[in-house]
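Chemist:
In the numbering used here, the protein residues as written are 158 to 299.
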């Protein structure tokens, strides 16, 4: 076998790609926060295959922006999505409060299965983890 197949990332190239996208999203998120100064706690979650760190080339980036304020400014969300679109990524995205997220987990199978492997990639990690934990508690009761 060629030596390149024996490298640590050769067995899981999708994880390496996920890590690179994580870094990109962290920078985009930080820039959006610096530009728009959103109020309240925010976390950007990777969900679905991206949440599992199984991101294949040309896969959709499935992300969930959770926020505690009543309303997130559209300009802030656009500051997250537009750089990704401009970079050629297909982005599956949603913007929700923790309450909305839990309600969707209860009522929508796609949301429920996507949140199973969710992970926080940017923002307030404690807040993001609490949203994921609430969603998982709801799933265990289903």
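Beta carbons are placed, not taken as given, at the ideal position from N, Cα and C, and that holds for glycine.
Helix, strand or coil, according to DSSP, for residue 280 in the structure here?
Modeler: Residue state, collapsed to three classes: strand.
Chemist: Is residue 275 near the ligand HEM, going by C-beta to nearest heavy atom under 8 Å?
Modeler: As for the ligand HEM, it is missing from this structure, which has no ligand bound.
Chemist: For residue 277 versus residue 200, is the C-beta distance shorter than 9 Å?
Modeler: yes
Chemist: With DSSP as the reference, identify every bridge partner of residue 301, one or two as the case may be.
Modeler: The structure shown does not extend to residue 301, since the chain is modelled only from 158 to 299, so the question has no answer here.
Chemist: For the beta strand (DSSP E) containing residue 203, name the first residue and the last one.
Modeler: 199-203
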